[in-house]
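What follows is a single structure, written as structure tokens, with notes after it.
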Amino acid sequence: MNIGLVDVDGHNFPNFALMRLSACYKAKGHRVEWAAPRQRYDKVLASKVFTFTPDYDYDLLDVGEVVRGGTGYDIAGRLPEAVENSRMTDYSIYPEYPFSLQFFSRGCIRKCPFCLVREKEGYIQTVEPVELNPKGKWIEVLDNNFFANPQ
39 MNIGLVDVDG
49 HNFPNFALMR
59 LSACYKAKGH
69 RVEWAAPRQR
79 YDKVLASKVF
89 TFTPDYDYDL
99 LDVGEVVRGG
109 TGYDIAGRLP
119 EAVENSRMTD
129 YSIYPEYPFS
139 LQFFSRGCIR
149 KCPFCLVREK
159 EGYIQTVEPV
169 ELNPKGKWIE
179 VLDNNFFANP
189 Q
């Protein structure tokens, strides 16, 4: 299967969900690349973190199916369980970033009125670390409240 990726928010910071999706699809032998206009894709996986980001113009693509995910589309949406439980991460889709991404916990102990983390991820819980970037020079820890992690 030929799969295109769309990072709707742009490439200002690596999209963790797309990195995990890419790794899982590549492990199954699928071809995965950044979606390009007028290229043919069996499936496009799009991720949008922020609700204020304008949507991508999917009419530019020749695609069989578009799967939209991320808080910017639906706060209740989740990655497929096989992807969520996988430790694989495809750093090759963001070669310009010389670091690893890591979560040690998800969720938060607080319910700040301006924040979606508790609604999206629930109360804080420890999670298994994912693969590190083999070319990474440091680790960017993405926990929402690192010091509240019970472990």
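Position one of the sequence shown corresponds to residue 39 (the numbering used here), numbered consecutively onward.
Where is the CB? At the ideal position from N, CA and C, for every residue including glycine.
Since this is a predicted model, take the numbers as computed values, not measurements.
In the three-state scheme derived from DSSP, where H, G and I count as helix and E and B as strand, Arg156 is classed as helix. Under DSSP, the beta-bridge partners assigned to Gln163 are Arg144. Under the three-state reduction of DSSP output, Ile113 falls in the coil class, being neither helix nor strand. Beta-bridge annotation (DSSP): Asn40 is paired with Arg69. Ranked by Cα distance from Lys158, the options Arg116, Arg125, Phe90 are led by Arg116. Annotation for Glu103: the continuous beta strand (DSSP E) segment containing it runs 100 to 107. In this structure, Val168 and Arg125 form a Cβ contact; the two beta carbons are roughly 5 angstroms apart against a cut-off of 8 angstroms. Only residues of its own chain outside the window of five on either side were considered, and among them Tyr129, Pro136, Phe137, Ser138 have a CB closer than 8 angstroms to the CB of Gly174, listed in chain order. In the DSSP assignment, no residue is bridged to Arg125. Per DSSP, the beta-bridge partners of Ser85 are Asp45, Gly107. For Ile113, same chain residues with a beta-carbon under 7 angstroms away, outside a window of 5 residues either side, are Leu154, Glu157, Lys158 in chain order. The straight-line gap separating the alpha-carbon atoms of Arg148 and Tyr161 is approximately 8 angstroms. In the DSSP annotation of this structure, Val168 is not part of any beta strand (DSSP E), being labelled neither H nor E. Val179 counts as exposed, since fewer than 16 other C-beta atoms from the protein chains shown sit within 10 angstroms of its C-beta. Nearest in C-alpha terms to Tyr132, of all of Gln77, Ala186, Arg78, Phe54, is Phe54.
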